[in-house]
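Heads up: the sequence shown begins at 1 in UniProt numbering, then just goes up one per residue.
In what follows, a structure is listed as C-alpha cells, so that the remarks can point back to it.
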Amino acid sequence: MNRLPKHVTLKHLTAFVAVAQESSFTHAAKRLFQTQSSVTSLVRQLEDALATQLFARTSRRVLLTAAGEEFLPRVMRLLADFDGVIDDVQRYGALERGRVGVAAAPSAITQIIAPAAAAFSARYPAVRLYLSDDNSGRIQRKVAAREVDFGLTSRWADAPGLQFDALLEDRFGVLYREDDASLRPARDGTMRWSDLAGRKLVGVVDETGIMALLRARADLPIEAGAPFYEASSTTSQAALVQAGLGVALLPALAAQRVMEPGLAYALLARPTVIRTVCIIRHKEYPLSPAAQALIRAIHDYLRTAPLPAGCKRMPAKGLKA
Numbered sequence: 001m002n003r004l005p006k007h008v009t010l011k012h013l014t015a016f017v018a019v020a021q022e023s024s025f026t027h028a029a030k031r032l033f034q035t036q037s038s039v040t041s042l043v044r045q046l047e048d049a050l051a052t053q054l055f056a057r058t059s060r061r062v063l064l065t066a067a068g069e070e071f072l073p074r075v076m077r078l079l080a081d082f083d084g085v086i087d088d089v090q091r092y093g094a095l096e097r098g099r100v101g102v103a104a105a106p107s108a109i110t111q112i113i114a115p116a117a118a119a120f121s122a123r124y125p126a127v128r129l130y131l132s133d134d135n136s137g138r139i140q141r142k143v144a145a146r147e148v149d150f151g152l153t154s155r156w157a158d159a160p161g162l163q164f165d166a167l168l169e170d171r172f173g174v175l176y177r178e179d180d181a182s183l184r185p186a187r188d189g190t191m192r193w194s195d196l197a198g199r200k201l202v203g204v205v206d207e208t209g210i211m212a213l214l215r216a217r218a219d220l221p222i223e224a225g226a227p228f229y230e231a232s233s234t235t236s237q238a239a240l241v242q243a244g245l246g247v248a249l250l251p252a253l254a255a256q257r258v259m260e261p262g263l264a265y266a267l268l269a270r271p272t273v274i275r276t277v278c279i280i281r282h283k284e285y286p287l288s289p290a291a292q293a294l295i296r297a298i299h300d301y302l303r304t305a306p307l308p309a310g311c312k313r314m315p316a317k318g319l320k321a
C-alpha cells in the first residue's frame, strides 16, 4: 500500500482545499491568513510530492484537473476526520466525554461509590460509568488486566504491578442476633474476641480481603480464618446469622450494608483488627482524566460522609486538583 510522502503535511492539504474551493490563490491566501506566494508554494510542493498536477491555471481562474477533482473529496474527509479526532480528544480531556470503569466490593459501591458518583455525574453528565461488584481477588485481577480503571477494596494479595492507595480504615466487629442473650457488648460498646469462643462462625468464600486478613492473624484467640459455614457474599452471610446458624466477623462498613431488623453489631477489641480499604490502580498506566475526577469525587464525599463507628477516612495522597 502506497503511503503519502512524509513531507506532505496538513498545511499542504489545507492550502489545496482552500484554493480548490475559492478557485483563486489570492482568495485562498486571504482565507488562510497567509501570503499568496506561501499558498502557491505549498500547492506546488504538494504537486511535486505527488508527481501530479492538481490545478489547471489560467489568467482568470484556477481549475481542478481530473486528478485534483478525485483528490479533493478524499482530502476534505481526511481533514474532517482529523478535526473530529482532535475535538474528541480535547473533549475527553475536558471531561465532556469518556467512560470510567470501577470494580469494587459491594459495600464500597453501596456506601461510597454510588453517592460519590451522583455528584460526579451531576458535574460531568457526558461521562459514562461502569461499576462491577466483586471480591478482592477478582478486583485485583481486573485492575491488573486493565478491564477497569481502578478498584476499591481491601488488599487480597501482594501484586507488584498494582498501587494501593489507602482510603479508609475499617475496624472488624461481630454481627449477631439481637436476641442472643449470651452476647452483650461492654460499656464501651465493644466485645472481646474471646467472647466468641465456642461460637460457630459464618464466613465468606475465598478471594475476599476479609478472609485473607483474618487468616493472616494467628494472634486471635479464636480460629477466625476457619469458619464453620461459608457464604458467597456478605448478604448471604447475614442471612445465615439471622437464621441463627452462627455469628459473622465483618468490618464496620460491610456490616452497615447488611444490617436488618433482628441483627446487632459490635466492634471487637483485644486485639483491634482493622482492614484498609484502598483505591487500587495499575502502576504502569496513568489514570484517565475521568477516572481521576471520580476518585476526587470519592474523597470529597468521604470528607462529610456519615461513616459508621469503626470507620476512619485516610488523607488523600497524590491527587491532582
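Yeah, the Cβ is synthetic: ideal placement off N, Cα and C, and Gly gets one too.
Quick one, which of the options has its alpha-carbon nearest residue i's?
i, options, result
"Thr26", "Gly310, Phe71, Ser182 and Val39", "Val39"
"Pro106", "Ser41, Gln163, Thr153 and Pro306", "Thr153"
"Ile279", "Leu42, Leu213 and Ala104", "Ala104"
"Gly225", "Met211, Ala238, Arg74 and Gln140", "Met211"
"Ile298", "Arg281, Gln111 and Phe172", "Gln111"
"Ser59", "Val75, Ser23, Leu79 and Gln90", "Ser23"
"Val102", "Ile139, Leu183, Glu284 and Val19", "Ile139"
"Ala66", "Gln53, Arg77 and Arg57", "Gln53"
"Pro315", "Glu260, Leu168, Arg199 and Arg187", "Leu168"
"Pro289", "Arg155, Asp158, Tyr124 and Asp133", "Tyr124"
"Ala157", "Val148, Lys142 and Gly137", "Gly137"
"Leu10", "Glu260, Ser182, Leu78 and Glu70", "Leu78"
Using a Cβ-Cβ cutoff of less than 7 Å, which residues in the same chain neighbour residue i once the five nearest sequence positions on both sides are dropped?
i, result
"Val8", "Leu46 and Ala49"
"Leu196", "Val174, Ile222 and Val247"
"His75", "What sits at residue 75 in the sequence shown is Val, not His. Contacts found: Leu13, Phe16 and Val17."
"Gln256", "Gln111 and Pro308"
"Glu178", "Gly262, Leu263 and Ala264"
"Met1", "Confidence at Met1 is low in this model, with a pLDDT of 41, below 50, so its placement is unreliable and no value can be given for it."
"Arg217", "Ala224 and Val273"
"Pro185", "Met191 and Ala266"
"Leu249", "Phe172, Val174, Leu201, Leu214 and Ala224"
Give a yes or no on whether the C-beta atoms belonging to residue i and residue j are separated by under 7 Å.
i, j, result
"Thr208", "Asn135", "yes"
"Val205", "Glu230", "yes"
"Ala269", "Cys311", "no"
"Tyr301", "Pro115", "yes"
Would you mind reading off the limits of the alpha helix (DSSP H) that contains residue i?
i, result
"Ile210", "Gly209 to Ala216"
"Asp300", "Pro289 to Thr304"
"Arg123", "Ala114 to Arg123"
Can you tell me where the beta strand (DSSP E) with residue i in it begins and where it stops?
i, result
"Leu253", "That residue, Leu253, is in no beta strand (DSSP E); its alpha helix (DSSP H) goes Ala252 to Val258."
"Asp312", "It is Lys, not Asp, that sits at residue 312 in the sequence shown. Element bounds for Lys312: Cys311 to Arg313."
"Val43", "Counting along the chain, Val43 falls outside any beta strand (DSSP E), though it belongs to the alpha helix (DSSP H) covering Gln36 to Leu50."
"His27", "Segment Phe25 to Leu32 is the alpha helix (DSSP H) holding His27; no beta strand (DSSP E) there."
"Arg146", "Premise fails: Arg146 is in no beta strand (DSSP E) and is neither H nor E."
"Val277", "Ile274 to His282"
Our contact map puts residue i next to residue j with C-beta atoms below 8 Å; I'd like the distance itself, whole angstroms only.
i, j, result
"Ile274", "Arg171", "5 Å"
"Ala144", "Leu162", "6 Å"
"Ala243", "Leu263", "About 11 Å separates the two Cβ atoms, so there is no contact after all."
"Phe150", "Arg281", "5 Å"
"Thr35", "Ala29", "6 Å"
"Ala20", "Gly68", "7 Å"
"Gly189", "Ala254", "That pair is no contact at about 18 Å."
"Asp133", "Lys317", "Rounded, the Cβ-Cβ distance is 25 Å, inconsistent with contact."
Would you say residue i lies against chain B (beta-carbon separation less than 7 Å)?
i, result
"Ala157", "Absent from the structure: chain B. Only one protein chain is present."
Enumerate in chain order the residues of its own chain whose CB-to-CB distance from residue i is below 6 Å, with the five nearest sequence positions on each side excluded.
i, result
"Ala321", "Because the pLDDT of Ala321 is 48, which lies under 50, any placement of that residue in the model is unreliable, and the number read from its coordinates should be weighed accordingly. For Ala321, where only same-chain residues beyond five positions count, there are no Cβ hits under 6 Å."
"Leu294", "Val100 and Phe120"
"Pro271", "none"
Which residues in the same chain as residue i place their Cβ atom closer than 8 Å to its Cβ, once the five residues preceding and following it in sequence are excluded?
i, result
"Arg97", "Asp88, Arg91, Ala126 and Val127"
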